[in-house]
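What the sequence shown shows, in the UniProt record's numbering, is residues 1 to 329, in sequence order. Virtual Cβ for every residue (Gly too), placed ideally from N, Cα, C.
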Amino acid sequence: RPPAAAPPPDRAALAYSYERLNNAKNRENRELPRDERRATLDDAAKIISEKTALEKNLKKHSLFINALSWKRFSTANNNKKKLECKSKSVATFRAPLTDNAPLDRNKNVSVAGVYARPAPAPPPDVARANALNNNVVCYDKLPGAPVVVPRKTVIQASTSELLKCLGLFLHTRCHRLRDFQAGDAVMWLRTVDRSLLLQGWQDVAFINPANVVFVYMLVRELVDGERIGRPQELQAVVLTCLYLSYSYMGNEISYPLKPFLVEDSKDKFWDRCLLIVDRLSFNMLRINSEPGFFTEVFTELKACGTAVESPPPAPAHPAPAPPLAISAA
């Protein structure tokens with residue numbers, strides 16, 4: 001025979017007991033201060049939430065995980081960590097975009113300078129005039145000063161032209177020599193250069209525009225037209241200058257002395273050489289180191305030919321004389 005079932009509890013008694021318990025708890029809570037009651041309630045809520053979270057995790061995940069799933073789990077965690085690190089680095093090192101000026105994506109150039117650049121102040125005279133006339137003028141672009149481009153002077157001349165200018169210079173300076181012509185000096189230089197080529201002392205002709213300018217620099221300082229009375233004396237001076245030009249500007253180490261000798265005495269030749277070295281050694285070095293000095297000498301030599309070739313200006317026609325008055329007899 002089954003035991004008799006217990007009688008059902010009296011609902012009124014249970015309700016009364018619950019009511020008494022609640023009243024007792026409320027009484028305890030009232031006796032505690034508000035801060036302590038809040039702290040106890042918060043602690044109880046935290047404990048309950050942690051317990052529920054642990055129970056859910058235990059229910060979801062099993063304790064045994066195979067090797068393949070563990071690898072996948074570890075790689076997924078590593079990838080998540082890498083993504084988090086990248087996002088943190090970008091967030092920490094990236095400059096704030098709130099203060100940056102807008103970018104023109106078509107031109108790929110920042111236009112921050114346009115917005116921050118102050119407008120240039122107008123000149124005082126123009127601003128005063130516009131204020132009086134009530135004119136509205138834009139001062140964004142002011143006319144700048146014109147850029148002065150230096151001009152390059154190009155001077156060209158052939159070897160024959162410069163030789164002709166040298167002959168005209170000697171003819172003008174040695175005006176006392178009636179038997180001397182400008183072509184004689186050209187023949188003296190050409191003869192020496194040709195003889196050295198034929199004898200094998202040089203492989204290339206020495207006479208060229210630069211060397212003619214060098215010879216002219218020596219000749220203009222050494223030739224004195226008042227002291228030279230014969231063409232042979234002038235030839236000796238010119239060939240001495242030519243010898244020093246060969247020695248200084250030539251390609252060979254040494255040259256024979258015979259083609260440059262006109263006089264019987266060699267002492268006079270060497271005395272002239274020493275005189276040229278003492279007086280013009282500075283200019284001989286300067287003409288190769290300073291292009292401006294070479295251009296100056298070159299221009300002076302070329303001007304010698306143009307000054308002689310240009311005809312003198314025609315004299316002005318005198319005014320006609322007034323008619324003579326006829327006196328009555």
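Start and end of the alpha helix (DSSP H) containing residue i?
{"i": "Asn-283", "result": "266 to 289"}
{"i": "Arg-190", "result": "182 to 199"}
{"i": "Val-212", "result": "209 to 222"}
Return helix, strand or coil for residue i, following the three-state DSSP convention.
{"i": "Glu-252", "result": "coil"}
{"i": "Leu-163", "result": "helix"}
{"i": "Asn-22", "result": "helix"}
{"i": "Ser-49", "result": "helix"}
{"i": "Gln-202", "result": "coil"}
{"i": "Ser-247", "result": "helix"}
{"i": "Ala-303", "result": "helix"}
{"i": "Gly-229", "result": "coil"}
{"i": "Glu-263", "result": "coil"}
{"i": "Leu-177", "result": "coil"}
{"i": "Ile-156", "result": "The residue you asked about is not Ile; residue 156 is Gln in the sequence shown. In this structure, Gln-156 counts as coil in the three-state DSSP scheme."}
{"i": "Leu-242", "result": "helix"}
{"i": "Leu-168", "result": "helix"}
{"i": "Leu-257", "result": "coil"}
{"i": "Tyr-115", "result": "With a pLDDT of only 43 at Tyr-115, under the threshold of 50, the placement of this residue in the model should not be trusted, and no figure is reported."}
Round the Cβ separation of residue i and residue j to the nearest angstrom and send it over; I've been treating them as touching at under 8 Å.
{"i": "Leu-163", "j": "Leu-189", "result": "7 Å"}
{"i": "Leu-196", "j": "Ala-182", "result": "The pair is not a contact, with the Cβ atoms about 23 Å apart (cut-off 8 Å)."}
{"i": "Ala-241", "j": "Val-277", "result": "This sequence places Cys at residue 241; Ala is not what is there. With 8 Å as the limit, Cys-241 and Val-277 do not qualify as a contact, their Cβ atoms being about 12 Å apart."}
{"i": "Phe-294", "j": "Val-213", "result": "7 Å"}
{"i": "Ala-185", "j": "Asp-193", "result": "No, Ala-185 and Asp-193 are not in contact; Cβ-Cβ is about 13 Å, not under 8 Å."}
{"i": "Glu-252", "j": "Trp-201", "result": "6 Å"}
{"i": "Leu-218", "j": "Leu-275", "result": "Going by Cβ atoms, the distance from Leu-218 to Leu-275 rounds to 11 Å, so no, they are not a contact pair."}
{"i": "Ala-303", "j": "Glu-263", "result": "With 8 Å as the limit, Ala-303 and Glu-263 do not qualify as a contact, their Cβ atoms being about 32 Å apart."}
{"i": "Tyr-248", "j": "Met-284", "result": "6 Å"}
{"i": "Gly-225", "j": "Cys-174", "result": "4 Å"}
{"i": "Gly-229", "j": "Arg-176", "result": "7 Å"}
{"i": "Pro-231", "j": "Phe-298", "result": "Not quite, the Cβ-Cβ distance comes to about 27 Å (not below 8 Å), so this is no contact."}
{"i": "residue 337", "j": "Glu-161", "result": "What is shown of the chain runs 1 to 329, which leaves residue 337 out entirely."}
Cβ of residue i less than 8 Å from any chain D Cβ?
{"i": "Glu-263", "result": "No chain D is part of this structure, which consists of one protein chain only."}
Does the stretch 194 to 209 come into contact with the stretch 263 to 274, if we say contact requires no fewer than three beta-carbon pairs (one atom in each stretch) closer than 8 Å? Pairwise C-beta distances place the stretch 194 to 209 out of contact with the stretch 263 to 274, as fewer than three of them are shorter than 8 Å.
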